[in-house]
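Colleague:
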Amino acid sequence: MARFGFDSNVIIRNINEVGALIDQLPFTAEEIAVAEAADSLVEHLYIYFLDHQPKQAQIDGISKAHTGPDILRAGKREVYLLCHQSIRKSKLAIHSAKTFDSATVRNWNTVNKLYNLLVTL
């Protein structure tokens with residue numbers, strides 16, 4: 198790592214863990230539909246993959262600091278984000294990225310595609 202001058206975190210999930218986090222999506226169909234109706238041209242669901250269990254106090258603190266319709270919910274070693282706009286414009290997403298700086302973020306479609314690839318192996 199010294200060769201490139203930076204460190205990089207690696208977060209790994211096995212097929213069972215990926216399947217479980219898909220099954221445990223903490224948003225209702227209605228919440229997702231409302232977000233999708235706000236802007237049909239962008240992705241709305243994201244998962245922050247962490248190397249630890251997020252503290253509910255962190256989630257609550259980030260959520261209370263931001264007004265607006267975006268929603269952040271904790272998983273076992275993930276944080277789920279539902280945006281009503283582009284993730285690039287979401288203040289909740291920006292603050293989440295700073296709070297969970299060692300996380301890697303993937304959109305819902307990518308997570309599902311990766312899971313489907315794993316299932317076929």
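318 is the number that my numbering gives the last residue of the sequence shown; the numbers go up by one with no jumps. We put the CB at the ideal spot given by N, CA and C, even for glycine. Please read these numbers as outputs of a predicted model, since none were measured by experiment.
Quick check on the burial criterion: 16 or more other C-beta atoms within 10 angstroms. Buried or exposed for Glu227?
Modeller: Counting Cβ neighbours within 10 Å, Glu227 comes out exposed, since fewer than 16 surround it.
Colleague: Taking 6 Å as the limit between beta carbons, can you name the residues of its chain near Phe201, skipping five residues before and five after?
Modeller: There are no such residues.
Colleague: Assuming contact is defined by CB atoms lying nearer than 7 Å, are Ile291 and Ala271 in contact in what I supplied?
Modeller: No, the Cβ-Cβ distance between Ile291 and Ala271 is not below 7 Å.
Colleague: State the DSSP-derived secondary structure class of Thr225, mapped to helix, strand or coil.
Modeller: In the structure shown, Thr225 sits in coil (DSSP, three-state: anything other than H, G, I, E or B).
Colleague: When DSSP builds the beta bridges, which residues end up paired with Arg270?
Modeller: Tyr277, per the DSSP bridge assignment.
Colleague: As an exercise, report each continuous beta strand (DSSP E) stretch of at least 3 residues that is fully enclosed by the segment 235-264, in chain order.
Modeller: With a minimum length of 3 residues, the continuous beta strand (DSSP E) runs that stay inside the segment 235-264 are 242-246.
Colleague: The beta strand (DSSP E) with Val302 in it runs from where to where?
Modeller: Residues Thr301 to Asn304.
Colleague: Under the rule that 16 or more other beta-carbon atoms within 10 Å means buried, what is Ala254, buried or exposed?
Modeller: Flag for Ala254 reads exposed.
Colleague: Kindly list the residues whose CB is nearer than 6 Å to the CB of Leu222, restricted to its own chain and excluding five residues on each side of it in sequence; keep chain order.
Modeller: Nothing meets the Cβ criterion.
Colleague: For Ser260, I'd like the list of residues in its chain whose CB is within less than 6 Å of its CB, leaving aside the five on either flank, ordered along the chain.
Modeller: Cβ neighbours of Ser260 beyond the five flanking positions: Leu269.
Colleague: Report the three-state DSSP secondary structure of Gly202 (helix, strand or coil).
Modeller: Residue state, collapsed to three classes: coil.
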